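> Residue numbers (my numbering): 21 to 288.
Handing you a structure now.
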Amino acid sequence: MKTRAITGFFFVLVMLSAVLLGEITFSIFFLVLSLLSLNEFYQLVKTEETRPVRAGGILLGLSIFVPVTLHFIYGYNIHWILISVPVSVLICISELFRKEKKPFHSIAYTFFGVLMVIVPFSFYTAAAFSNGEYSFHYSLGFLLLLWASDTGAYLFGIKLGKNKLFERHSPKKTWEGFFGGMITSLAVAFILSTQFTELSSLNWAVISFLIVVGGTFGDLFESMLKRSMNVKDSGSLLPGHGGLLDRFDGLLLSAPLVYVYLYLIFSV
21 MKTRAITGFF
31 FVLVMLSAVL
41 LGEITFSIFF
51 LVLSLLSLNE
61 FYQLVKTEET
71 RPVRAGGILL
81 GLSIFVPVTL
91 HFIYGYNIHW
101 ILISVPVSVL
111 ICISELFRKE
121 KKPFHSIAYT
131 FFGVLMVIVP
141 FSFYTAAAFS
151 NGEYSFHYSL
161 GFLLLLWASD
171 TGAYLFGIKL
181 GKNKLFERHS
191 PKKTWEGFFG
201 GMITSLAVAF
211 ILSTQFTELS
221 SLNWAVISFL
231 IVVGGTFGDL
241 FESMLKRSMN
251 VKDSGSLLPG
261 HGGLLDRFDG
271 LLLSAPLVYV
281 YLYLIFSV
């Protein structure tokens, strides 16, 4: 627990600094974080018969994440994201020369890693620019709601948890924990609405709901992946916490939902 607490404290401190120091630091930090998470995914699914095209996948991730951030920070044309098309073609061609036992499995994991990791991180980064310019209110608010959900689910689950939520994929999760996380996250959403007034309390509540639901299923989704690969943790980069995917599984499905909601709010 001591190692877990120390790691968690410093990691949260670094993340908050990245969010608060401005758009450049924020974008670079989450670019690096997303690429490290993608590399962790490739390491997780690698077997003797299946080897994702690691370099190609990372290049594809860059070709998606970088144009998105440059578009929002400097106004570059989003059409630069089309670079990902020839990169995808090259990944398919490269597999012809690798002599793998299961080449289509390798290609599938290569592309799915980008879809599972890079795309959600790109949506999370884009959400910080929802009203046309960078605002840490959205990125910080997202993290606080996600952490509140995780903390509430853990505490309520420990004290009151009896009814399993999805035992086949995560034996420890309970319905009591789920609703406890919902209550905790909604309470934080109300506090955020009094400080970050760009959004109404109703909008913060909706975002909280999307994060709790998306975050819970993202956690279950990542648990399903680890069980299918017969591993306990996605990696060992964070002592006491496992890997980056273990820490950001709640972002994988919730970030795209939150971005779409924010986009609809500011475009209507």
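All residues carry an ideal CB built from backbone N, CA and C; glycine is no exception.
Since the structure is predicted, the reported quantities are computational estimates derived from the model, not experimental observations.
#1: Can you look up Thr130 in the DSSP assignment and give me helix, strand or coil?
#2: Take Val233 as the anchor and find which of Lys121, Trp224, Phe199 and Ile84 has the nearest alpha-carbon.
#3: For the pair the region 33-51 and the region 61-73, tell me if three or more CB-CB distances fall below 8 Å.
#4: Within 8 Å, do at least three Cβ pairs link the region 148-165 to the region 71-82?
#5: Look at the alpha carbon of Tyr96 and the alpha carbon of Leu90, and state the distance between them as a whole number of angstroms.
#6: May I ask you to check if the CB of Leu40 is nearer than 6 Å to at least one heavy atom of the ligand SAH?
#7: Can you tell me whether Thr298 is buried or exposed, with buried defined as 16 or more other CB within 10 angstroms of its CB?
#8: Assuming Lys246 is part of the alpha helix (DSSP H), what are its boundary residues?
#9: Am I right that Phe61 and Met136 are in contact with their C-beta atoms under 8 Å? What's the rounded C-beta distance?
#10: Tell me whether the beta-carbon of Ala168 lies closer than 7 Å to the beta-carbon of Val139.
#11: Can you tell me the Cβ-Cβ gap for Ser54 and Phe141, rounded? I've got them flagged as a contact below 8 Å.
#12: Can you give the Cα-Cα distance for Leu82 and Ala147, rounded to whole angstroms?
#13: Is the shortest distance between the beta-carbon of Ile138 and the beta-carbons of chain D less than 7 Å?
#14: If you follow the beta strand (DSSP E) that Phe186 is part of, which residue opens it and which one closes it?
#15: Exposed or buried, which one is Tyr144 when buried takes at least 16 other CB atoms within 10 Å?
#16: For Gly197, does the count of other Cβ atoms within 10 angstroms reach 16, so buried, or fall short, so exposed?
#17: For Lys119, report the span of its beta strand (DSSP E) as first-last.
#18: With distances taken Cα to Cα, identify the nearest neighbour of Phe132 among Leu58, Val226, Thr27 and Leu33.
Put simply:
#1: Helix, per DSSP.
#2: Nearest option by C-alpha distance: Phe199.
#3: Judged by Cβ distances under 8 Å, the region 33-51 makes no contact with the region 61-73, as fewer than three pairs qualify.
#4: At 8 Å Cβ cutoff, the stretches do not touch.
#5: Cα to Cα, the separation comes out at about 6 Å.
#6: As for the ligand SAH, it is missing from this structure, which has no ligand bound.
#7: A query on residue 298 cannot be resolved here, the shown segment of the chain reaching from 21 to 288 and no further.
#8: Per DSSP, the unbroken alpha helix (DSSP H) holding Lys246 starts and ends at Ser221 to Ser248.
#9: Correct: roughly 7 Å between the Cβ atoms.
#10: For Ala168 and Val139, no; Cβs fall outside 7 Å.
#11: The Cβ separation is near 4 Å, so the contact holds.
#12: Pairing Leu82 with Ala147, the inter-Cα distance amounts to about 18 Å.
#13: Among the chains of the structure shown, chain D does not appear; only one protein chain is present.
#14: Counting along the chain, Phe186 sits inside the beta strand (DSSP E) bounded by residues Lys184 to Phe186.
#15: Only buried fits Tyr144, as 16 or more other CB atoms lie within 10 angstroms of its CB.
#16: The residue in question, Gly197, is buried, as its Cβ has 16 or more Cβ neighbours within 10 Å.
#17: Per DSSP, Lys119 belongs to no beta strand (DSSP E) and is neither H nor E.
#18: Comparing alpha carbon positions, the residue from Leu58, Val226, Thr27 and Leu33 closest to Phe132 is Leu58.
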